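Input: a single structure, listed below in structure tokens.
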Amino acid sequence: MANELYEMTVRVFYRKLGRIKYISHLDLVRCVSRCLKRSGLPVWHTLGFNPHIYVTFALPLALGYESECESMDFRLVQALPLQQVVDRLNQVFPQGLEAYRAAPVVQKPEAIAWAEYEITQEFGQGRPEEAGQALEAFCVQPEILVMKRTKKGEKQLDVKPLFSILERECREGALWLRMRTAAGAQKNINPTLVLDAFAAQTGWRADWTRVVRKRILNESLEDFQ
């Protein structure tokens, strides 16, 4: 019965780059809700005492991270060309948010299993190659134990099977990495957890770090759609 009250569900893929990385996920939800109202799109609202725009996010982004592959779902009470949805959102999005594709929903968020990140770190010592070698030695340990915060408190976790360094280079005096980490509802870690453990164990703590999420993947390492 509820499905009859809206015409279509749309998944919008967008980038979150620049200073907007400093707003929390909760603030992002508020921002997007306001943008949807300003866009004039025929967005479906929830039913009940306090109706509000129904919008969900597949994999919330950590504070301070940037991304080129975020997605959100919302419903329309009237079918529209998907490019029109993208254009109308970009007309009202703040600087740093940019929609680049809209599509029908293919996979449920439960399909998400991995995420890939590009990480750039600068060290006060100015020796990125040495830091990279130390990171390589750190990663070959049989286990890497960290303390991870959960809703039930802190618990010790072995992150060794939950991440991998896919590429490592020195670029313009900085250490550049491509890292894949477990993501989704079942197992989810972000690169900061690994980098903090590396810094605590080796002393190689970066003075500046940039993290950009590049891909969100399913169990088969295919892009989340």
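Residue 178 in full-length UniProt numbering sits at position 178 of the sequence shown, with consecutive numbering throughout.
Beta carbons: idealized from backbone N, C-alpha and C, even for Gly.
Treat the numbers as computed from the prediction; the structure is a model and nothing was measured.
Run through DSSP, which three-state label would residue i get?
{"i": "Gly33", "result": "Here residue 33 is Ser; the residue named in the question, Gly, does not match the sequence. Here Ser33 sits in helix by DSSP."}
{"i": "Phe198", "result": "helix"}
{"i": "Ser71", "result": "strand"}
{"i": "Asn190", "result": "coil"}
{"i": "Met1", "result": "Note on Met1: pLDDT 37, under 50, position unreliable in the model; the coordinate value appears next. Here Met1 sits in coil by DSSP."}
{"i": "Asn50", "result": "coil"}
{"i": "Glu172", "result": "coil"}
{"i": "Ala62", "result": "coil"}
{"i": "residue 232", "result": "No statement about residue 232 is possible, as the shown extent of the chain runs from 1 to 225 and does not include it."}
{"i": "Glu143", "result": "coil"}
{"i": "Lys151", "result": "coil"}
{"i": "Leu166", "result": "strand"}
{"i": "Glu219", "result": "coil"}
{"i": "Gln84", "result": "helix"}
{"i": "Arg38", "result": "helix"}
{"i": "Ala115", "result": "strand"}
{"i": "Phe224", "result": "coil"}
Within this structure, are the beta carbons of residue i and residue j separated by less than 8 angstroms?
{"i": "Leu193", "j": "Val140", "result": "no"}
{"i": "Arg101", "j": "Phe163", "result": "no"}
{"i": "Phe224", "j": "Ala99", "result": "no"}
{"i": "Val92", "j": "Arg30", "result": "no"}
{"i": "Leu217", "j": "Glu116", "result": "yes"}
{"i": "Gly96", "j": "Gly40", "result": "no"}
{"i": "Ala134", "j": "Thr202", "result": "yes"}
{"i": "Phe123", "j": "Phe198", "result": "no"}
{"i": "Arg210", "j": "Glu68", "result": "no"}
{"i": "Val55", "j": "Ser33", "result": "yes"}
{"i": "Gln78", "j": "Glu154", "result": "no"}
{"i": "Lys16", "j": "Glu70", "result": "yes"}
{"i": "Leu166", "j": "Met179", "result": "yes"}
{"i": "Gly132", "j": "Arg168", "result": "yes"}
{"i": "Leu157", "j": "Ile119", "result": "no"}
Per DSSP, residue i forms a beta bridge with which residues?
{"i": "Arg127", "result": "According to DSSP, Arg127 bridges with nothing at all."}
{"i": "Pro104", "result": "Val10"}
{"i": "Ile27", "result": "The question names Ile, but residue 27 in the sequence shown is Asp. DSSP, once it has assigned bridges, lists no residue as partnering Asp27."}
{"i": "Ala99", "result": "Tyr14"}
{"i": "Asp158", "result": "Leu145"}
{"i": "Gln133", "result": "Answer is none; Gln133 lacks a bridge partner."}
Kindly list the residues whose CB is nearer than 6 angstroms to the CB of residue i, restricted to its own chain and excluding five residues on each side of it in sequence; keep chain order.
{"i": "Pro128", "result": "Cys170, Ala174 and Leu175"}
{"i": "His25", "result": "Pro60"}
{"i": "Trp208", "result": "Glu122"}
Residues in the same chain with beta-carbon distance under 7 angstroms from residue i, minus the five sequence neighbours each way, listed in chain order, please.
{"i": "Ser220", "result": "none"}
{"i": "Asn188", "result": "Ala182"}
{"i": "Arg205", "result": "Ala199"}
Measuring only between beta-carbons, confirm whether residue i sits less than 8 angstroms from chain D.
{"i": "Gln125", "result": "Annotation note: the requested chain D is absent from the structure, which comprises a single protein chain."}
Quick one: what's got a C-beta closer than 8 angstroms to residue i's C-beta in the same chain, skipping five residues either side?
{"i": "Leu5", "result": "Trp44, Leu47 and Val77"}
{"i": "Leu195", "result": "Ile119, Gln121, Ala206 and Thr209"}
- [ ] Mind the definition here: the segment 69–86 touches the segment 36–47 only if three or more C-beta pairs lie below 8 angstroms; say whether that holds.
- [x] Counting Cβ pairs under 8 angstroms, three or more are found: they touch.
TODO: Flag this pair as touching only if the segment 77–89 and the segment 59–69 have three or more C-beta atom pairs under 8 angstroms; answer yes or no.
DONE: Judged by pairs of C-beta atoms under 8 angstroms, the segment 77–89 does not touch the segment 59–69, as fewer than three such pairs exist.
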